[in-house]
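Read the structure below first, then the notes.
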Amino acid sequence: MQMAGMKRSRDGPKPQGRADWDSPYIPMFENFRAELDEHHDRREKIIKASRDITASSKKIIFALQRVRNLGEKIPPPLIKSKEYSQHTSTIHERFVSVAPDLKGINAYRYQRQISPGIQEFMEAVLFRHYLETQSILSPSESAKLISENVLLTEDDYVLGLFDMTGELMRYAITQMATNGELPASRTGGRGNILTGLQDLRTKLEALDVSGSYGLSKNAEQKMSTTRTSVEKVENAVYSMTVRGKERPKGWNPGMDTSRPVGEVEG
Amino acid sequence: MAASNIDPAIFEQLQAKIDEEGRIKDELKDIIQQLEKQGRVTQSILSRIHNTPTGQLGPAVFQPCERSILTQIHLVKVLSDIASKHPFYKWNNLWTREMQNLIFCLQLRHWLAHQELETIEQVGNELGVPINVKDRDIFHLTIEEYLLALTNTIDELTRLAPNAVTLGDFSRPLQISKFIKDIHAGFQLLNLKNDTLRRRSDGIKYAVKKVEDVVYDLSLRGLLPKQRSSDDTPAEAKGGAGAPASDMDSDVFLEG
Chain A
1 MQMAGMKRSR DGPKPQGRAD WDSPYIPMFE NFRAELDEHH DRREKIIKAS
51 RDITASSKKI IFALQRVRNL GEKIPPPLIK SKEYSQHTST IHERFVSVAP
101 DLKGINAYRY QRQISPGIQE FMEAVLFRHY LETQSILSPS ESAKLISENV
151 LLTEDDYVLG LFDMTGELMR YAITQMATNG ELPASRTGGR GNILTGLQDL
201 RTKLEALDVS GSYGLSKNAE QKMSTTRTSV EKVENAVYSM TVRGKERPKG
251 WNPGMDTSRP VGEVEG
Chain B
1 MAASNIDPAI FEQLQAKIDE EGRIKDELKD IIQQLEKQGR VTQSILSRIH
51 NTPTGQLGPA VFQPCERSIL TQIHLVKVLS DIASKHPFYK WNNLWTREMQ
101 NLIFCLQLRH WLAHQELETI EQVGNELGVP INVKDRDIFH LTIEEYLLAL
151 TNTIDELTRL APNAVTLGDF SRPLQISKFI KDIHAGFQLL NLKNDTLRRR
201 SDGIKYAVKK VEDVVYDLSL RGLLPKQRSS DDTPAEAKGG AGAPASDMDS
251 DVFLEG
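These protein sequences, in sequence, are chains A and B.
Just so it is clear: in the first sequence, position 94 is 94 by the UniProt record's numbering, and no numbers are missing.
Just so it is clear: in the second sequence, position 109 is 109 by the UniProt record's numbering, and no numbers are missing.
If you want it as structure tokens, here you go:
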């Protein structure tokens, strides 16, 4: 640091040049530097892993959107497809690579850095589980899908769950557009995706998140997105119920506000 | 409601966990508020340094703040016992500001008494709290807290430099100037990221300059007490106060 102001007093009390003046605190600060460098390096490594996990989780969600039948195992060809399996293993590798950095006291020290990845991964995990079973995977079962030593907080689980409702909405709308019917299990026992979404919304609304620091900050905005998602599906199902029989198969309920009815083609 | 397959137990358990978290937060906040209140008492006593002649620091500042600091140390012990039951970094942000303020008070008091930095180890000993713990999940002081407190200490000493002159102590600015420059040299070794510590430490160079300007003003007018030797720390700063004209480096002497 060069500062003109420091040079003015030629009879200055202390030598000004770096060479003939040594701060007695240099060794102390060298220790601090080592500690802070270790911290920053670890932090950056975790941020990178978190980004990779987020990106791969998004790809998996994208692939899952193409599943046709609700309430059945995801078809093996999809699971085994290069795209899907590659992203699954990327996620696994990244979790394993940062697990030692997230041990013990560091679990919460770097929670904010790994959190986005975990939330997106939860979204993928919960989405897949819902497609297969039309139920919600519990936090403890979800935690088992993340590498050992990597903590799944209630916050990340719940925020992932909120985001998953958006995926269910997209899935429902797309399925109605392509098949002309609301996704439901073929056996019919577990209801359809609309009742699932409505129930999920009710349960999320009932959650009092004021006790949680992380959730109290984010949940309100997520809740409003979830409400919108559920209402989109409700409206689409309504349209299909009222007018569906007049529509050719393949009619997209998303179109009806922007296009005159006569133009819609099957 | 139509049939749905969503297990209500999941949400009951989540709610129980969230409520438990809220209880922990309330318990911690309660003690942190007490710490904050006592911290204000200590800081208000310490702020008397700006209008207390150096020779009267003992009765006017050190003795009155002693009891308040001891109360704070006791509260830190209570906090530490509660906090150590929970993940440290989950809750650290609740008390970090109060701990920084307390460390600042200790550093400032130590400097006023000894004109040297109270090390993080000394602070830890004084508070009875471990420092920079990495292998166990317990309450401790972090390096960041110590360094952030140090930037406060520097700000406070920077304010003291001209005030000491007003009170007739012309050697204080020299001591402060040397100290701040030594600390500045230390901070320059750190590879700081774009965070709070970075922003706070960026301010140190202005502190260096501000105190240099005070020293320069004194030197220009021949008001600096004569330098004995560089490591002869004037522990009894009273001796330097109101140094007579014979005690000056007087080739730049202009006006007394």
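Built from N, CA and C at the ideal position, the CB exists for glycine as well.
TODO: Answer yes or no: does any C-beta atom of chain A fall closer than 8 Å to that of B:Lys193?
DONE: Stepping through the second sequence from its first residue, residue 193 of chain B is reached at position 193. Among the CB atoms of chain A, one or more fall inside 8 Å of the CB of B:Lys193.
Task: First and last residue of the uninterrupted alpha helix (DSSP H) at A:Tyr171 - done: Locating residue 171 of chain A in the first sequence gives position 171, counting from the first residue. Counting along the chain, the unbroken alpha helix (DSSP H) around A:Tyr171 starts and ends at Glu154 to Asn179.
- [ ] Go to B:Gln33, then tell me how far its alpha helix (DSSP H) extends in each direction, as first and last residue.
- [x] What you label residue 33 of chain B is simply residue 33 of the second sequence in a count that begins at 1. Element bounds for B:Gln33: Pro8 to Leu46.
TODO: Out of A:Gly180, A:Ile118 and A:Leu64, state which residue places its alpha-carbon closest to the alpha-carbon of A:Arg243.
DONE: Translated into the one-based positions of the first sequence, residue 243 of chain A becomes position 243. Check the Cα spacing between A:Arg243 and each of A:Gly180, A:Ile118 and A:Leu64: the tightest is with A:Gly180.
Task: Residues that B:Asn132 contacts on chain C, provided the C-beta gap is smaller than 8 Å - done: This model lacks chain C altogether; the protein chains it does include are A and B.
Task: A:His129 at chain B interface by Cβ criterion, 8 Å - done: As a working note, residue 129 of chain A is residue 129 in the first sequence. A:His129 has a beta carbon lying at 8 Å or more from every beta carbon in chain B.
- [ ] Could you run through the stretch 162-178 of chain A and flag, in chain order, every residue whose CB is less than 8 Å away from some CB of chain B?
- [x] Going along the stretch 162-178 of chain A in chain order, one finds no residue with a Cβ nearer than 8 Å to chain B.
Task: Rounded C-alpha distance that separates A:Arg128 from B:Phe88 - done: Residue numbering aside, residue 128 of chain A sits at position 128 when the first sequence is read from its first letter. Residue numbering aside, residue 88 of chain B sits at position 88 when the second sequence is read from its first letter. Using only the alpha carbons, I get a separation of about 34 Å.
Open item on the list: Is the separation between the beta-carbon of A:Val230 and that of A:Thr165 shorter than 8 Å?
Closed with: Position 230 of the first sequence holds residue 230 of chain A. Position 165 of the first sequence holds residue 165 of chain A. Yes, these two residues count as a Cβ contact at 8 Å.
TODO: Would you kindly work out how many angstroms separate the C-alpha atoms of B:Lys134 and A:Val67, rounded to a whole number?
DONE: The residue given as residue 134 of chain B occupies position 134 in the second sequence. The residue given as residue 67 of chain A occupies position 67 in the first sequence. Distance from the CA atom of B:Lys134 to the CA atom of A:Val67, rounded to whole angstroms, is 46 Å.
Open item on the list: Against chain A, with Cβ distances strictly below 8 Å, would B:Pro162 count as a contact?
Closed with: Residue 162 of chain B sits at position 162 when you count from the first residue of the second sequence. Not closer than 8 Å to any Cβ of chain A, the Cβ of B:Pro162 fails to qualify, so no.
Open item on the list: Between B:Glu21 and chain A, is the shortest Cβ-Cβ distance under 8 Å, so that the two count as touching?
Closed with: Position 21 of the second sequence, counted from the first residue, corresponds to residue 21 of chain B. Output row for B:Glu21: interface = yes.
TODO: Starting from B:Ile131, follow its DSSP beta bridges and name the residues at the other end.
DONE: For this step, residue 131 of chain B is matched to residue 131 along the second sequence. Looking at the DSSP assignment, B:Ile131 forms a beta bridge with B:Leu141.
TODO: Quick one: measure Cβ to Cβ for A:Arg190 and A:Gly71, integer angstroms, because I've assumed they're closer than 8 Å.
DONE: Position 190 of the first sequence, counted from the first residue, corresponds to residue 190 of chain A. Position 71 of the first sequence, counted from the first residue, corresponds to residue 71 of chain A. Here A:Arg190 really is in contact with A:Gly71; their C-beta atoms are around 6 Å apart, less than 8 Å.
Open item on the list: Nearest by alpha-carbon distance to B:Phe187: which of B:Ile176, B:Ser177 and B:Ile204 is it?
Closed with: As a first step, residue 187 of chain B must be located in the second sequence, where it is residue number 187. Nearest of B:Ile176, B:Ser177 and B:Ile204 to B:Phe187, Cα basis: B:Ile204.
Task: A:Leu102 versus A:Ser56 - alpha carbon distance - done: Stepping through the first sequence from its first residue, residue 102 of chain A is reached at position 102. Stepping through the first sequence from its first residue, residue 56 of chain A is reached at position 56. C-alpha separation (whole angstroms): 20 Å.
TODO: For A:Ile136, go through chain B and note every residue whose CB falls closer than 8 Å to its CB, in chain order.
DONE: Here residue 136 of chain A refers to the residue found at position 136 of the first sequence. Under the 8 Å cutoff, chain B gives Ile6, Asp7 and Ile10.
- [ ] Could you work out which residues of chain A lie near B:Arg97, taking near to mean beta carbons separated by less than 8 Å?
- [x] To locate residue 97 of chain B, count along the second sequence from 1; it is residue 97. Simply none; closest approach about 15 Å.
Task: Test item: CB-CB of A:Ile53 and A:Gly104 under 8 Å - done: Mapped onto the first sequence, residue 53 of chain A falls at position 53. Mapped onto the first sequence, residue 104 of chain A falls at position 104. Taking 8 Å as the cut-off, the beta carbon of A:Ile53 is found no closer than this to the beta carbon of A:Gly104.
TODO: Spell out whether any CB of chain A is found under 8 Å from the CB atom of B:Lys17.
DONE: If you number the second sequence from 1, residue 17 of chain B lands on position 17. Chain A contact via Cβ: present.
Task: For A:Gln111 and A:Ser85, the rounded distance between their alpha carbons - done: Stepping through the first sequence from its first residue, residue 85 of chain A is reached at position 85. Stepping through the first sequence from its first residue, residue 111 of chain A is reached at position 111. Using only the alpha carbons, I get a separation of about 27 Å.
Task: For A:Asp22, three-class secondary structure by DSSP - done: Reading the first sequence from its first residue, position 22 is the one you call residue 22 of chain A. Looking at A:Asp22 - three-state DSSP - the assignment turns out to be coil, as it is neither helix nor strand.
Open item on the list: Need the endpoints of the alpha helix (DSSP H) that A:Lys144 sits in, please.
Closed with: Taking the first sequence and counting its residues from 1, one reaches residue 144 of chain A at position 144. Judged by DSSP secondary structure, A:Lys144 falls within the alpha helix (DSSP H) whose first and last residues are Pro139 to Leu145.
- [ ] Can you have a look at B:Pro225 and say buried or exposed, based on whether 16 or more other CB atoms are within 10 angstroms of its CB?
- [x] Locating residue 225 of chain B in the second sequence gives position 225, counting from the first residue. B:Pro225 should be labelled buried.
Open item on the list: Let's test the definition: count the other Cβ atoms within 10 Å of the Cβ of A:Asn106 and tell me whether it reaches 16, buried, or not, exposed.
Closed with: Locating residue 106 of chain A in the first sequence gives position 106, where the first residue counts as 1. Around the beta-carbon of A:Asn106, 16 or more other beta-carbon atoms lie within 10 Å, marking it buried.
Task: Cβ-based burial, A:Tyr108 [other Cβ within 10 Å; buried from 16] - done: As a first step, residue 108 of chain A is located in the first sequence; it is residue number 108 there, counting from the start. Buried, since its Cβ has 16 or more Cβ neighbours within 10 Å.
- [ ] Compute the distance between the beta-carbons of B:Leu190 and B:Arg172, then report whether it is under 8 Å.
- [x] Here residue 190 of chain B refers to the residue found at position 190 of the second sequence. Here residue 172 of chain B refers to the residue found at position 172 of the second sequence. Not closer than 8 Å, so no.
Open item on the list: Give me, in chain order, the residues of the same chain whose beta-carbon lies closer than 7 Å to that of B:Met99; leave out the 5 immediate sequence neighbours on both sides.
Closed with: Along the second sequence, one-based indexing puts residue 99 of chain B at 99. Excluding sequence neighbours, B:Met99 sits near Leu141 and Glu145.
TODO: Spatial neighbours of A:Leu194 within its chain, please: CB distance less than 8 Å, with the 5 preceding and 5 following residues excluded, ordered by chain position.
DONE: Sequence index remark: in the first sequence, residue 194 of chain A carries index 194 (1-based). Once the five neighbours on either side are set aside, the close Cβ partners of A:Leu194 are Ala172, Leu182, Val233, Glu234 and Val237.
Task: A:Leu215: contacting residues in chain B (beta-carbon distance under 8 Å) - done: Working through the first sequence from its first residue, we reach residue 215 of chain A at position 215. Against chain B, a Cβ distance below 8 Å from A:Leu215 picks out Ile18.
TODO: Could you list the residues in the stretch 185-200 of chain A with a C-beta less than 7 Å from some C-beta on chain B, going in chain order?
DONE: For the stretch 185-200 of chain A, the set of positions with a beta-carbon nearer than 7 Å to some beta-carbon of chain B reads Arg190, Gly191, Thr195, Gly196, Asp199 and Leu200 in chain order.
- [ ] Give a yes or no on whether 8 Å exceeds the smallest Cβ distance from B:Gly203 to chain A.
- [x] Start at 1 with the first residue of the second sequence, and residue 203 of chain B comes out as number 203. The Cβ of B:Gly203 sits no closer than 8 Å to any Cβ of chain A.
- [ ] Give, in chain order, every residue of the stretch 145-161 of chain B whose Cβ lies closer than 9 Å to some Cβ of chain A.
- [x] The stretch 145-161 of chain B vs chain A, Cβ under 9 Å: Tyr146 and Leu147.
Task: Cβ distance (whole Å) where B:Arg200 is taken to contact B:Thr151 below 8 Å - done: As a working note, residue 200 of chain B is residue 200 in the second sequence. As a working note, residue 151 of chain B is residue 151 in the second sequence. The Cβ separation is near 4 Å, so the contact holds.
- [ ] Would you tell me roughly how many angstroms separate the C-alpha atoms of B:Asp169 and B:Val208, rounded to the nearest one?
- [x] The residue labelled residue 169 of chain B in the question sits at position 169 within the second sequence. The residue labelled residue 208 of chain B in the question sits at position 208 within the second sequence. Cα to Cα, B:Asp169 sits roughly 19 Å from B:Val208.
- [ ] Tell whether a beta-carbon distance below 8 Å holds between B:Ile183 and B:Ile154.
- [x] Taking the second sequence and counting its residues from 1, one reaches residue 183 of chain B at position 183. Taking the second sequence and counting its residues from 1, one reaches residue 154 of chain B at position 154. Yes.
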